[in-house]
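In my numbering, the protein residues as written are 12 to 342.
Data first, discussion second: the structure below is written as structure tokens.
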């Protein structure tokens, strides 16, 4: 046999080791944003690689055992089992009623708590605490539905013509800009516009720009947002609750994806200058499920609110959570 060139042997061995490393390791440079894209644009992989036949045989025997045990109990107890079934049905019905009440309490609870029977109108100052104890101006259905001032003494006329120190308005808006980070490699810049009206209907739209520094030192970006039609279903001078539906969207150079969104939010104005807010979004985005929740606390000074808080975002297995800091303009 001829002698083998040592240099060629070392080259072959190096190539073999390199190939094994490439095959055995995941591709570098893929992070949170790429995982989010995968969750949105590709179906979720099965949790187990077992063939269907093996899974079927796995469950077949326990099913037979349940049938045998049921027949055995029926043979021994006879008609007593019917009584047990009736009692179980009552417990089941009671559980369904209680569960339904609890599940719907976020909608019927706040109006009861705030005493909102929809008989009074809700109007707005230019910003929270502008001549009012909180934010909303609760009064007649029409802002100018007041008795004739000429029928009262002069010292009472001004109060009748304008019962609120600030002039009530039939609409309001707020525009915010904020920054959030996960203390690692992902940053988010976001903005939101919320428009409210005296009819209780409004619009709520939000946009976020994500940027991630990958292990290869490259940068990955995408846009994420939503658009919703909302209803302010509970209100008083110090709190308002809203809910609505709309759509989510994701946009990057590869394309744009959409999904359904449900939103629920609350703002509380306990005393000057504090504002506490919470928002929840739950829906779909492409092939994935989206869930987001956030809480903020802020101080408002003549229409400008400075706030901080916490946000959690989950799109299937891709999660982002971190502290928020931002500024909001009330108008």
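In this text, a Cβ means the ideal position worked out from N, Cα and C, and glycines have one as well.
Quick caveat, the model's predicted, so the values are computed rather than measured.
Under DSSP, residue 251 forms a beta bridge with 246, 278. The C-beta distance from residue 277 to residue 257 rounds to 18 Å, too long to fall under 8 Å, and the pair is not in contact. In the structure shown, residue 133 adopts extended strand secondary structure according to DSSP, grouped into three states.
Here DSSP, grouped into helix, strand and coil, assigns residue 232 to strand. About 4 Å separates the CB atoms of residue 138 and residue 314; that is less than 8 Å, so the two are in contact.
In the DSSP assignment, residue 203 forms a beta bridge with 187, 217.
One alpha carbon belongs to residue 234, the other to residue 220, and they sit about 5 Å apart.
Residue 285 and residue 254 have their alpha carbons spaced roughly 22 Å apart. Under the three-state reduction of DSSP output, residue 119 falls in the helix class. Taking C-beta atoms as the reference points, residue 336 and residue 318 count as a pair closer than 9 Å.
Rounded to the nearest whole angstrom, the C-alpha separation of residue 176 and residue 290 is 30 Å.
In the pairwise beta carbon analysis, the region 39-53 is classified as touching the region 194-205: at least three pairs are separated by under 8 Å.
Residue state for residue 303 is assigned as strand, using DSSP reduced to three classes.
Going by DSSP, residue 46 is part of the alpha helix (DSSP H) stretching over 43-52. Under the three-state reduction of DSSP output, residue 329 falls in the strand class.
Distance from the CA of residue 179 to the CA of residue 206, rounded to the nearest whole angstrom, comes to 16 Å. Of the residues assessed, residue 191 falls on the buried side of the cut-off, its CB having 16 or more other CB atoms within 10 angstroms. By the 16-neighbour rule on beta-carbons within 10 angstroms, residue 244 is buried. Residue 310 sits in a strand when the DSSP states are folded into three classes.
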